[in-house]
Ligand SMILES: Nc1ncnc2c1ncn2[C@@H]1O[C@H](COP(=O)(O)OP(=O)(O)O)[C@@H](O)[C@H]1O
Ligand SMILES: [Mg+2]
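In our numbering, the protein residues as written are 168 to 383.
As structure tokens, then:
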């Protein structure tokens, strides 16, 4: 089982959006995926409450219980576990990063998100885990994106080759307890999530598609 932690000390960067969409992408491709919600605001749990499907399983927890929950997820056959964290939560984010194989740092191309990157990079460095920024909510045009990419690079952080655009489908789908691949399967948001999901799998060395129960 592989584990990805979503970390960003800035609220609204897209941690929960990325977590839930990647989790559904994994389930749709045949992997068994669990989500651990470390945010006391429990947005991921709330999403599962409005959802008709029982998968992906979302577990609300405190950071001190991460190792036990990861073991339980593994024992239940999870192939991938995604940890959604709260903003402004250095110690919980650090525990999540320590438990993960990969840290993803969603970041909007805005000065406030970019400033918050330094503390997320510090957390991943302390945890000695590879961290990669995922540019989120990218506007359709403008120089903002190029400037953001430059700013991220200046923190010595790698950037995912795929980005998420600023798209209403990301907002509407989660409100309905869905992910973009279910809400609008042939839409641009779904294509972006699929691309990030496949890239993350490649990065983790897991097969992005498999039959249920087949070990990666
Ligand atoms: N790519 C996107 N396009 C449009 N809206 C987005 C996008 N990503 C996130 N949002 C919206 O921004 C808000 C904050 O996103 P969220 O994932 O909850 O951030 P975080 O978990 O980091 O606080 C939510 O209302 C979400 O629907
Ligand atoms: Mg959140």
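Glycine included, C-beta positions come from ideal geometry on N, C-alpha and C. Keep in mind it's a predicted model, so treat the numbers as computed, not measured.
### Message
To the nearest angstrom, how far is the alpha carbon of residue 229 from that of residue 215?
### Response
Cα-Cα distance, rounded: 18 angstroms.
### Task
Below 7 angstroms CB to CB, which residues in the same chain sit around residue 236 once its five sequence neighbours on both sides are set aside?
Taken in chain order, the residues that qualify are 203, 226 and 228.
### Query
Measuring from the CB of residue 256, is there a heavy atom of ligand 1 at a distance below 6 angstroms?
Residue side-chain check: residue 256 keeps its Cβ at 6 angstroms or more from all non-hydrogen atoms of ligand 1.
### Task
Label residue 194 either buried or exposed according to how many other C-beta atoms from any shown protein chain fall within 10 Å of its C-beta, with 16 as the threshold for buried.
By the 10 Å Cβ count, residue 194 comes out buried.
### Task
Compute every distance between the C-beta of residue 287 and the non-hydrogen atoms of ligand 2, then say whether any falls below 6 angstroms.
Not a single heavy atom of ligand 2 lies less than 6 angstroms from the C-beta of residue 287.
### Query
By Cβ distance below 8 angstroms, which residues in the same chain neighbour residue 351 in space, the five residues on each side in sequence not counted?
Hits under 8 angstroms: 336, 340 and 357.
### Query
Excluding sequence positions up to five away, which residues of its chain have a Cβ less than 6 angstroms from the Cβ of residue 389?
A query on residue 389 cannot be resolved here, the shown segment of the chain reaching from 168 to 383 and no further.
### Query
Can residue 186 and residue 251 be called in contact, C-beta distance under 7 angstroms?
For residue 186 and residue 251, yes; Cβs fall inside 7 angstroms.
### Message
From the DSSP secondary-structure annotation, give me the bridge partner or partners of residue 145.
### Response
The shown model of the chain, from 168 to 383, leaves out residue 145, and the question about it has no answer.
### Query
In the segment 219 to 283, which residue ranges form an unbroken beta strand (DSSP E) of at least 3 residues, counting only runs that do not cross its ends?
Correct list: 224 to 227, 247 to 251 and 269 to 274.
### Message
Quick check on the DSSP output: what are the complete beta strand (DSSP E) runs of length 3 or more inside the segment 276 to 336, in order along the chain?
### Response
You should have 298 to 302.
### Query
Going along the chain, which residues put their C-beta within less than 5 angstroms of some heavy atom in ligand 2?
Answer in sequence order: 182, 183 and 210.
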